[in-house]
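**Q** Mind looking over this structure? Questions follow.
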Amino acid sequence: MNPRMLVPPPVEPVSLEEAKQHLRVELTDEDPLISNLIQTAREHAESFQNRSFITRTYELFLDIWPDASFVLPMGPIQKIISVVCLDENGEEIQVNPDIYFLNSKGHISLNKGEIWPDVVLRKTEGVKITYEAGYGSDSSRVPANVKQAILLMVAHWYLYRENVSEKPLYIVPLGAYLLLGIDRVWPL
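Residue numbers for the sequence shown, in our numbering: 661 to 848.
As structure tokens, this is what we get:
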């Protein structure tokens, strides 16, 4: 159950300038490489933590209606934009937002006494939930341990550009995993 990102993050949690300072690089020759390493490290960290760092919009499809309370992936969830069901003919039906809410744990929950619409859903992807997730629209809200883990990965991959060496290398530094493990959301 992987959501599809509709709107990518407008910025990275670590800026090019922060990474270059961490790497002690002053020239601009390798800016494209460092920028790519930042994005790759962020993507890896988000995948490991099952979180979104910078706010973006997701679309999640389900085959059946969720339970009364359902965990939306890639939190922290900021808001639910819409819940739509697709009937057996593929017609979209907007679900009344008065029957559900976003609870404090980032779950979509039904209000007391409410049920999901009695609609025969199409066989696959009959429910579409669109939502925003992330700590905020800029890097200032991203936890320090996440930023440090990203910097560790960028530095490691900048220094060791290949996976082959006389010494054993870790693809991702252990320190990065220790930092990212602090707030990791374990998939269900």
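A virtual CB, placed ideally from N, CA and C, is assigned to each residue, including glycine.
Can you grab the Cα-Cα spacing for the pair E678 / G735, in whole Å?
**A** 25 Å
**Q** As an exercise, report each continuous beta strand (DSSP E) stretch of at least 3 residues that is fully enclosed by the segment 729-791, in chain order.
**A** Runs of the beta strand (DSSP E) inside the segment 729-791: 729-731, 737-746, 752-754, 760-762, 767-770.
**Q** Can you tell me whether DSSP reads E719 as helix, strand or coil?
**A** DSSP, reduced to helix, strand and coil, places E719 within a strand of the structure shown.
**Q** Here's the rule: buried if 16 or more other CB atoms are within 10 angstroms of the residue's CB, otherwise exposed. What is V780?
**A** Around the beta-carbon of V780, fewer than 16 other beta-carbon atoms lie within 10 Å, marking it exposed.
**Q** Give the secondary structure of R844 by DSSP, where H, G and I count as helix, E and B as strand, and everything else as coil.
**A** Coil at R844, not helix or strand.
**Q** Determine the extent of the alpha helix (DSSP H) in which L687 is found, giving its start and end residues.
**A** Taken as a continuous stretch (DSSP letters only), L687 belongs to no alpha helix (DSSP H), as it is neither H nor E.
**Q** Give a yes or no on whether the C-beta atoms belonging to L770 and I759 are separated by under 8 Å.
**A** yes
**Q** In terms of residues, what are the limits of the alpha helix (DSSP H) holding R702?
**A** 691-709
**Q** Between which two residues does the beta strand (DSSP E) carrying V814 extend?
**A** V814 -> not in any beta strand (DSSP E); alpha helix (DSSP H) instead, spanning 804-819.
**Q** Whose C-beta lies closer than 6 Å to the C-beta of L720 among residues of the same chain, with five residues either side of it excluded?
**A** P663, I789
**Q** With DSSP run on the structure shown, which of helix, strand or coil describes Y796?
**A** The amino acid occupying residue 796 in the given sequence is Gly; Tyr does not appear at that position. Under the three-state reduction of DSSP, G796 is assigned to strand.
**Q** Quick check: what's the CA-CA separation for I740 versus N696?
**A** 31 Å
**Q** Please determine, among I775, R711, S729, the residue with the shortest C-alpha to C-alpha distance to R844.
**A** The shortest CA-to-CA distance from R844 to any of I775, R711, S729 is the one to R711.
**Q** Using only the alpha-carbon positions, how far apart do E785 and D723 sit?
**A** Going from the Cα of E785 to the Cα of D723 covers about 4 Å.
**Q** Spatial neighbours of Q709 within its chain, please: C-beta separation below 8 Å, excluding the five flanking residues on both sides.
**A** Result list for Q709: V806, L840, D843, R844, V845, in chain order.
**Q** Considering only residues of the same chain and omitting the five flanking positions on each side of E706, which have a CB-CB separation below 8 Å?
**A** S712, F713, M734
**Q** How long is the line joining the alpha carbons of S799 and T715, rounded to whole angstroms?
**A** 10 Å
**Q** Check the DSSP bridge columns for I714 and list the partner residues they point to.
**A** G796
**Q** Are the Cβ atoms of Y791 and I753 separated by less than 8 Å?
**A** For the 8 Å CB-CB criterion, Y791 and I753 do not form a contact.
**Q** Excluding sequence positions up to five away, which residues of its chain have a Cβ less than 7 Å from the Cβ of F761?
**A** Answer for F761: S769, N771, listed in chain order.
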